[in-house]
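What follows is a short report on a single structure.
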Amino acid sequence: MNAPAAAIPYFADAVERALAATGGVELTAPAQVSGIDGRRVGRRTGNALEFSEYREYRPGDDLRRIDWRVYARSEQLMIKLFSEEIDPRCDVILDHSASMASTERKASAAISLAAIFTTAAANSGFSLNLWHAADTFRKDPAPASPLLWDFPPFETPFSPSANPASFSGQFFRRGIRILVTDLMGPDDPAPVLSRLADGAKRAVVVMVLDPFELEPEPDANVLLVDAETGEERELVLDEGALARYHERLENHRAMWAAAAMSRGVLLLPLSAADFCPEIRPDELFHAGLLK
Amino acid sequence: MNDFFFGFEHNLLLWCAVPVALVLLLLYLLHRRSKVRIVPAIFLWDRPQASPHSGTRINFRFPPAIFYLELAALLLLTAALAAPFVSTPETFPPLAVILDDSISMQAKVPGGRSPLESGAEFVKSEIRALPDRRVLWIVAAESPVLASDSNGRTDFGSFWTGQAASSELAAAAALARRMARGCQLLIVTDRKPAIELAPDTTCYSAGAPLGNSAIVNARRTAGRILIEAANFSALPLDAVLVLEPGALKTQVRLAPKETRRIVLAVPEAAAHEAVTVRLENADASANALLCDDEVVLEAEDDSPVSYRVATGLPAAARSALERVLNGNPAFRPVLTGETPDLDILPAEAESPSPVHLFWLASPKKKTTPANQSETAANQPQDNQPEDSAPSASGPLSPENSAVLSRGLPLDSLQWAVSADDLPGQTLLRSGDVPVLSTRQNLNRDREIFLNLDPARSNITHHPFWPVFFQNLAQTVRTERFGPARTNLRSGELLQVRLPRGAQSLTTVRPDGKSAEIRAMRGQADFRPMLHGVWKLESGADKWSASVMGLSAEESDLSGAGPFRRDADKLAVMPFWMLRPMAWAFLLLAALLLAAHHLVLTRKGGGPC
């Protein structure tokens, strides 16, 4: 296997900036309860062997879980809870469509984000997979070592949402799945979000956009070229054109947000300016992804 | 004849300008090319067809109207540069009126009309007959002048005054043919022209062979005035020459057709002033011209030359200078604070004076042997004439065309040179060695180089020495600031040398009109035409020069006479008149640019 990452001149810089900014950062699990051996367990109770705690009986609870001995002592109906053990696993999926490199800043930010998530997961002792969503969906052999990634360039002519079938079902079961993408495809978000959320303990879509895509400025003649399809449109970017762009962008984001919410997927929009040239991961902490 | 044709005067320029226009167009297109932006989702942007109010689509395969407006304006400006013209047919060719401007046009008997007055009336009637015709007015004086090129103008009195000392009709006709090809000529004069008249030439003369007495030549020099008086009538003339100031009268009797030279002495009191000489003829009927009876003569500048001798000159040279300059009325020492006319210097150096005499008076150094002490070699050379080079290297040969070397006595003159060569034009040479030379430096200062060791020459006891300084005084006077000549004929070149730093010369004509003449390398040259005293000013310096319109040929009216010749046939033939059209192209380009601006304004935004 060759080393496509070498063909991306800013790759090493982006990775090094991410590693320098996220030393000691850990990935947050959906719930943190100290176990007997320090491994993460889930908040949802289940059939695992680990006793977690008592709580008062609420109508609908399984009568078999009432601890009658406690009732005998205190005449209170208490339910015995057991912690459901989850695997500390993480899948990071990086969108390699050409739109991710519409600007160098955006591509650098995407690389930095992937490096941050994988590093944080490794720091937390997660089992880790890094998936490159390129022409084929493939797993990186060294996910915890970003500088050694077998990194294909951002040249895939379609986004993951355009080809949900290729979105692999080989993710860790009951793990955390993080998709780094720009969501800039005209396709239905439901299939890809369903596949991402299916069997996951937590699914996150990190939507990274360039400032030009978020807030384009008025300009004279501009030839807009679609990064993936190559379609061209020659426009004068006056206030009217920009207003209509903003309206469509908001509708597009709202569609994805609604689809994500219905599937329990966290949609986190980010600006590439926060990750290139300087790393400012505050949004990731606020969203509870990192700690 | 309703046809016309269109063309360009500078076709070559047009072809040269087209590539320039193409380059500009290319730059225009490059400048207006769209910036390319890669976007991740083009579906979020307007489709060109779906932008009713803004976000206009620009397709360069079909440029907008603005593009065509700018392109047309650019092409029009390019075409305007090439001087477009329209050639339209005229019924009549242009008329070139040649006006004899010589003084004989003023001749008339008391109560009569001069040829100028009669000619003016004839010309006006001719112009009125064809009022829309193009007319070129050419004044035939000492040299022809195109005074006006217009349609129907008749106020030619401002430039036709009859003041010239001669009229060059042939040159005026040539000028007319050159200025308007195919034009007809109308010559107004006072006698039958000596030139051959073309078939399309009309000639009108209302002159008459009248008697006249005149001063036909005058010159002032060294306190004397030479007057040539002439009697051009058929009867003997008893006249009086009156010299002002002083009203000194000299009786003159001239036979018919006689011209006589008369010498008048300038009174001592008027030695440095202008004098007027007037020929008074009691018989007015025998004196048809009054303007040639009087002449003003300015004083020639013969004041002593102020000089300054530099202290660096050797003692022998200073002694030789004292011997020749002391008591010489042509020279005087410079006064304190005064700029000298002549600076005598030992070597080339800066000097404010107009003439510098660089006297290389130190004897040539002998080649110093290696064993000779340097101290001995540097001894003052004034005291070592016996160690110097030979006194002369060959026979002396002068360049007699120069004032400075004219008439120099050279017999038995012993010359000792101090240098092997001199810069500038050699005026005197001893064998192969230049001993006297001259040149003008960049400031127009006259530099004279004298290669002479006086200690080993007999020059101070030789007639050469005073004669040379007399020539030098004459040379310095001609190099002084001011006019080179104070008395000249109309039409002659007057050269005025201006003081250091002066940029222009102000001239005031005898009729009071003034003009500014820009100086070139400290000198202003012009040709005064109007008779009388011209005032010349440059800064604080003021001079005057007398311009005389004397001419024996013009004062002799015996050849004058009526003459009338009409053109064989007034040419009713196709004549193509070229009318420049650059203004129309420029106007159209301006309109297009204005429309371009309006289009942009309607767009409601900047250039798109």
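Those protein sequence lines, which keep their order, are chains A and B.
Heads up: the first sequence begins at 1 in our numbering, then just goes up one per residue.
Heads up: the second sequence begins at 1001 in our numbering, then just goes up one per residue.
Glycine included, C-beta positions come from ideal geometry on N, C-alpha and C.
Source: prediction; values computed, not measured.
> So, using beta-carbon positions, are B:R1480 and B:D1343 closer together than 8 Å?
Replying inline: no
>> I want to verify the contact list: residues of chain B whose CB lies under 9 Å from the CB of A:E215, in sequence order.
In response: The premise fails here: A:E215 is roughly 13 Å from chain B at the closest Cβ pair, so nothing lies under 9 Å.
>> Pull the bridge partners of B:L1226 from the DSSP assignment, please.
In response: B:R1219 and B:V1263
> Anyone know if the C-beta pair for B:L1197 and B:R1565 falls short of 8 Å?
Replying inline: For B:L1197 and B:R1565, yes; Cβs fall inside 8 Å.
> Does the beta-carbon distance from B:K1108 to B:S1102 come in below 8 Å?
Replying inline: no
> When we look at the beta-carbon of B:R1047 and count the other beta-carbons within 10 Å, is it buried (16 or more) or exposed?
Replying inline: exposed
> How long is the line joining the alpha carbons of A:S194 and A:H246, rounded to whole angstroms?
Replying inline: Using only the alpha carbons, I get a separation of about 27 Å.
> Which residues in the same chain have their Cβ closer than 7 Å to the Cβ of B:L1593, if we skip the five residues on either side of it in sequence?
Replying inline: A1073
> Name the chain B residues that come within less than 7 Å of A:Y245, Cβ to Cβ?
Replying inline: L1044 and W1045
> Is it right to say B:C1016 is buried, meaning 16 or more other beta carbons lie within 10 angstroms of its own, or is it exposed?
Replying inline: exposed
> Just the Cα atoms here: how many angstroms apart are B:Q969 and B:L1488?
Replying inline: With chain B covering only 1001 through 1608, there is no way to say anything about residue 969 of chain B.
> Excluding five sequence neighbours on each side, which residues of the same chain lie with their C-beta closer than 7 Å to the C-beta of B:H1010?
Replying inline: A1082 and A1083
> Would you say A:L249 faces chain B, with C-beta separation under 8 Å as the test?
Replying inline: yes
> What are the boundary residues of the beta strand (DSSP E) that B:W1465 is part of?
Replying inline: Premise fails: B:W1465 lies in the alpha helix (DSSP H), F1464 to E1479, not in any beta strand (DSSP E).
>> Just verifying my parser: in three-state terms, what is the DSSP assignment at A:H246?
In response: helix
> Where does A:R73 land, buried or exposed, given buried means 16+ other C-beta within 10 angstroms?
Replying inline: exposed
> Between the segment 203–223 of chain A and the segment 268–276 of chain A, do at least 3 Cβ pairs fall closer than 8 Å?
Replying inline: Judged by pairs of C-beta atoms under 8 Å, the segment 203–223 of chain A touches the segment 268–276 of chain A, as three or more such pairs exist.
> Using the beta-carbon of each residue, which ones in chain B are nearer than 8 Å to A:P186?
Replying inline: A1041 and F1043
>> What does the alpha-carbon distance come out to for the pair B:V1324 and B:P1510?
In response: Straight-line Cα distance between these residues: approximately 43 Å.
> Using a Cβ-Cβ distance under 8 Å, would B:I1038 count as near chain A?
Replying inline: yes
>> I'd like to know if B:S1148 contacts chain A, where contact means its C-beta is closer than 8 Å to some C-beta of that chain.
In response: Judged by the 8 Å Cβ criterion, B:S1148 is not in contact with chain A.
> Interface residues of chain A around B:S1034 at Cβ under 7 Å?
Replying inline: N221, V222, L223 and E234
> Buried or exposed: A:K291, going by 16 or more other Cβ atoms within 10 Å of its Cβ?
Replying inline: exposed
> Using a Cβ-Cβ cut-off of 6 Å (strictly less than) and excluding sequence neighbours within five positions of B:A1172, which residues of its own chain qualify?
Replying inline: I1098, I1138, A1140 and P1144
> To the nearest angstrom, how far is it from the Cα of B:A1502 to the Cα of B:G1539?
Replying inline: 7 Å
>> Any beta carbon of chain B sitting closer than 8 Å to that of A:E231?
In response: yes
> Taking just the CA atoms, how far does A:V25 sit from A:A294?
Replying inline: Only positions 1 to 291 of chain A appear in this structure, which leaves residue 294 of chain A out of reach.
> How far does the alpha helix (DSSP H) with A:T118 in it reach, from first residue to last?
Replying inline: Residues E104 to N123.
>> For a contact defined as C-beta to C-beta under 7 Å, what are the partners of A:H252 on chain B?
In response: Chain B residues near A:H252: L1044.
> Name the DSSP bridge partner or partners of B:P1483?
Replying inline: Looking at the DSSP assignment, B:P1483 forms a beta bridge with B:V1496.
> Which of helix, strand or coil does DSSP assign to B:Q1414?
Replying inline: coil
> Can you give, in chain order, each stretch of the alpha helix (DSSP H) that sits fully within the segment 1529–1574 of chain B and has at least 4 residues?
Replying inline: DSSP runs (the alpha helix (DSSP H)) wholly in the segment 1529–1574 of chain B: 1552–1555.
>> Can you tell me which residues form a DSSP beta bridge with A:L268?
In response: A:V206
> Beta carbon of B:S1437, beta carbon of B:P1454: below 8 Å?
Replying inline: no
> Any idea what DSSP makes of A:H132, helix, strand or coil?
Replying inline: Three-state DSSP puts A:H132 in a strand.
> When the cut-off is 8 Å and only beta carbons count, does A:S102 lie next to chain B?
Replying inline: yes
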